[in-house]
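Participant:
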Amino acid sequence: MKKYIAEIIGTFSMIFCGCGAMVINDFTGGTITHPGVAITWGLIVMAMIYAFGDISGAHFNPAVTVGFAVAKKFSWNEVPKYIGSQFIGAIAASLVLLFLFPESDLGATIPSIEPMKVFIIELLLSFFLMVVIINVSTGSKEIGPIAGIAIGSVILLEAMFAGPLTKASMNPIRSLAPALASGNFTHLWVYLTAPFIGMFLAVFSCKLVKSDNCCDDKC
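So the sequence shown is numbered by numbering that gives the first Met the number 0: it starts at 0 and just counts up by one.
1. Determine which residues share a DSSP beta bridge with LYS1 and list them.
2. Quick check on THR165 - is its C-beta less than 8 Å from some C-beta in chain D?
3. Measure the alpha-carbon distance for LYS217 versus LEU124 and round it to whole angstroms.
4. In the stretch 54-125, which residue ranges form an unbroken alpha helix (DSSP H) of at least 4 residues, counting only runs that do not cross its ends?
5. Report the option in SER139, MET45, PRO194 whose CA atom is closest to the CA atom of ILE154.
6. Does DSSP put LYS140 in a helix, a strand or coil?
7. If ILE172 sits next to PRO61, beta carbons under 8 Å apart, how far is it from one beta carbon to the other, in whole angstroms?
8. Which value, in whole angstroms, describes the spacing of the CA atoms of LEU103 and ILE7?
9. According to DSSP, simplified to helix, strand and coil, what is MET21?
10. Once you ignore the five residues that flank VAL22 on each side, which residues in its own chain have a CB closer than 7 Å to its CB?
11. Could you tell me the distance, in whole angstroms, from the CA atom of ALA20 to the CA atom of PHE199?
12. Applying the criterion that 16 or more other CB atoms from any shown protein chain within 10 Å of the CB defines a buried residue, is PHE40 buried or exposed?
13. Assuming the contact rule is C-beta atoms closer than 8 Å, GLY56 and LYS140 should be a hit. Round their C-beta distance to whole Å, please.
14. Would MET47 be called buried (16 or more neighbouring beta carbons within 10 Å of its own) or exposed?
15. Measure the beta-carbon distance from MET169 to GLU121 and round it to whole angstroms, keeping in mind my assumption that it falls under 8 Å.
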């Protein structure tokens, strides 16, 4: 039960702070700035990894959870429980933001370019993210002295350059929760599919370069 609670709290914190930074930036006329929003995403993910990495593995992302399962580093029986916990945390954070800022889009991932281009970008962003995760994690757990820094940094980097175009989601639940709370489902399909495909490709690529420590049934 503790690991599921950790996923709820970690996902709630990530969505509340990351999407909250986007909402507050709009609400205050850009005082946080785009780099500030990107830094917020990177820092909150890094902090939650260090807080909960040794408890739940600090997934906070259904695509990461499924990616670890595909890599045979995580039990498929645990996947629905983890995704359910992540959904609870994400929707709770979005509802709190809705209460605080009812007129905002709650940080929804509304693309600025054509959906197919967004799909390709989100797929690649998710691929890069999972490549880092699977190579710095221990089994299915994002723990160790460099895991938080490495994963937080790649999220910051990707949010910095791709955020203005796609909102740099890389996480189906991060896009789904604000969409449900705000009622804005614009091109949501992109964000529910591209991260899974990108992370699957990352898992398979790992085997090509790290065959002695990837996809090896070690959980």
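Glycine residues also receive a C-beta, built at the ideal position from the N, C-alpha and C atoms. Source: prediction; values computed, not measured.
Facilitator: So, from the data block:
1. According to DSSP, LYS1 shares a beta bridge with no other residue.
2. As a matter of chain content, chain D is missing from the structure shown, which is built from one protein chain.
3. Residue placement at LYS217 cannot be trusted, given a pLDDT of 49 that sits under 50; what the coordinates show is reported in the next sentence. LYS217 and LEU124: Cα-Cα distance of roughly 26 Å.
4. 61-69, 78-99
5. Of the listed residues, the one whose Cα sits closest to ILE154 is MET45.
6. strand
7. 5 Å
8. Note that residue 103 is Ser in the sequence shown here, rather than Leu. Their backbone Cα atoms lie some 24 Å apart in a straight line.
9. helix
10. LEU96, PHE100, SER103, LEU105, GLY106
11. In this structure, the alpha-carbon of ALA20 lies about 29 Å from that of PHE199.
12. Sequence check: residue 40 is Trp here, not Phe. The residue in question, TRP40, is buried, as its Cβ has 16 or more Cβ neighbours within 10 Å.
13. About 4 Å; that satisfies the 8 Å criterion.
14. buried
15. 7 Å
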